[in-house]
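Residue numbers (the working numbering): 5 to 472. Virtual Cβ for every residue (Gly too), placed ideally from N, Cα, C. Keep in mind it's a predicted model, so treat the numbers as computed, not measured. One structure is given here, and the rest of the page talks about it.
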């Protein structure tokens, strides 16, 4: 039986690698480029407007644009922003960084479209709203069955696969200090995480949004602060660092010689799969925001993509490249590489700092992932017993994940997330024109000096629950 499980684990790992390298790699690039052109580079053109929208308040009891941004950022920003970036540099070379940045900009257009659609087709849920790809697939495409499939994919991926992974990452961050007592430490960490998760999961979306709006800025400031200090201390090396990045990024002879493992492929994959643009996860947070026009939250979600990749991932980049502790193709990789890089500046305290950062990144991802999953459970069934069972299972998964690597579960989560992305990208292409019309409606009102408000009938649609 053990041999069968290992064989199946290896098979799913290979299958996951093929799907992400061949199918999703090209699909997300093409969709991102299409919407970049179709919206006339909305992610750059209206970026200042997105910053302005963040200052707007929600109605009492509602979730503001800023809180929805923090929920989406909580899920997007995880240990992959540390370990994943380090791996891309070691395996693909420093040139991977430039391609990662480029894909963040391209992916911003996909994030705008999916989040605007989620806002247009959101539904009231008490004092807040719920929505996402399942909801716009049901209402706009009249395909509830496909929406249910998407929701199942998302629930299994985020509440059980990725949350088990985040819990494991938090527990394993303490392995350096635990030594031979690691199994006991993992049990304790798992129990603490399960207790906190119970408090948050059973507290509902409002409590999660409040915690995210506090923890995510703390997480970002601490980690970015480390990166800034290290960069300033090595300021003289910056011209060399940028020179290496650009030279390696355009070494096409080396790229074509090993395309699958090249800096281009690894950089694009890191950019796409770190910020999740087009994957269909972040729209679940975008839909919850209380705004006067759907485009406002579409613009805000572009900011989340940029925070994830252009700021957090770039912090890891400069920590590694400025300290020079990496070797392309070397064995020192992932979180240990980042720890060693920070240690070279801060000493042993640097290891503790990265341990704290990893734990906080993983925990905020854990609560953001749950938020997405809860809305998709509600899409399938509003039954309170169903929600109770789901919440109990989600808490159990956090405890189990902290105490086991669950490689098979993570491989399956990767495959299911690929299914999510395929369904969402098809829906985005079919419905993208609605979001583009909403964007024109928004910019037309801005040109008149108005604070844009939205009526669905103004762009020729009549099947919404909120914007009548």
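In terms of Cα proximity to residue 76, the closest of 163, 341, 311 and 87 is 311. With respect to residue 120, residue 425 sits apart: the two C-beta atoms are not nearer than 7 Å. Straight-line spacing of the CA atoms in residue 254 and residue 99 works out to 7 Å.
Measuring C-alpha to C-alpha distances from residue 297 to each of 53, 251, 241 and 200 identifies 53 as the nearest.
The Cβ-Cβ distance between residue 322 and residue 240 does not fall below 7 Å. Comparing alpha carbon positions, the residue from 454, 420, 422 and 325 closest to residue 91 is 325. Between the C-alpha atoms of residue 57 and residue 116 there is a straight-line separation of about 14 Å. Assignment of alpha helix (DSSP H) within the stretch 335-412, counting only whole runs of 4 or more residues, yields 338-350, 352-384 and 388-407 in chain order.
The alpha-carbon of residue 233 is positioned some 38 Å away from that of residue 399. The C-beta distance from residue 365 to residue 124 rounds to 32 Å, too long to fall under 8 Å, and the pair is not in contact.
Selection 455, 444, 172 and 406 evaluated against residue 42 yields 444 as nearest (Cα-Cα). The residues 47, 281, 306, 309 and 310, in chain order, have a CB closer than 7 Å to that of residue 112 in the same chain once the five nearest residues on each side in sequence are set aside. When DSSP states are grouped into helix, strand and coil, residue 465 belongs to the coil group.
Boundaries for residue 294: no alpha helix (DSSP H) harbours it, and the DSSP string shows neither H nor E there. Residue 238 and residue 245 have their C-alpha atoms roughly 10 Å apart.
Using a 10 angstroms sphere on the CB of residue 448, the tally of other CB atoms stays under 16, which defines it as exposed.
Judged by their CB atoms, residue 190 and residue 402 are not nearer to each other than the 7 Å cut-off. If you draw a 10 Å sphere on the C-beta of residue 335, you find fewer than 16 other C-beta atoms in it, and that means exposed.
In the DSSP assignment, residue 39 falls outside any beta strand (DSSP E) and within the unbroken alpha helix (DSSP H) covering 29-42. Taking a 10 Å sphere around the C-beta of residue 22, we find fewer than 16 other C-beta atoms and assign the residue as exposed. The three-state reading of DSSP puts residue 132 in strand, counting E and B together.
A check of alpha carbon separations from residue 374 across 389, 355 and 286 identifies 286 as the nearest.
When the beta-carbon positions are compared, residue 220 and residue 416 stay at least 7 Å from each other. When the Cα atoms are used, residue 319 and residue 80 turn out to be separated by approximately 15 Å. In the DSSP assignment, residue 472 falls outside any alpha helix (DSSP H), carrying neither H nor E. Taking C-alpha positions only, residue 457 is separated from residue 463 by approximately 12 Å. Within a 10 Å sphere around the beta-carbon of residue 222 sit fewer than 16 other beta-carbons, which makes this residue exposed. For residue 191, the uninterrupted alpha helix (DSSP H) segment begins and ends at 186-205. Take residue 151, set aside five residues on each side of it, and the residues of its chain with a beta-carbon closer than 6 Å to its own are 138, 141 and 142, in chain order. Excluding the 5 residues flanking it on each side, residue 155 has same chain C-beta neighbours closer than 7 Å at 138, 380, 383 and 384, in chain order.
Ranking 439, 430, 468 and 419 by CA distance to the CA of residue 15 puts 419 first. Counting C-beta atoms within 10 angstroms of its own C-beta, residue 332 has fewer than 16 neighbours from the protein chains shown and is therefore classed as exposed. For residue 312, no alpha helix (DSSP H) segment is defined, and its DSSP state is neither H nor E.
Non-local C-beta neighbours of residue 164 in its own chain, meaning closer than 8 Å and more than five positions away in sequence, comprise 397, 398, 401, 413 and 417, ordered along the chain.
Taken atom to atom, the span from the alpha-carbon of residue 301 to that of residue 49 is near 15 Å.
Burial is judged here by how many other beta carbons sit within 10 angstroms of a residue's own beta carbon; residue 203 has fewer than 16 and is exposed.
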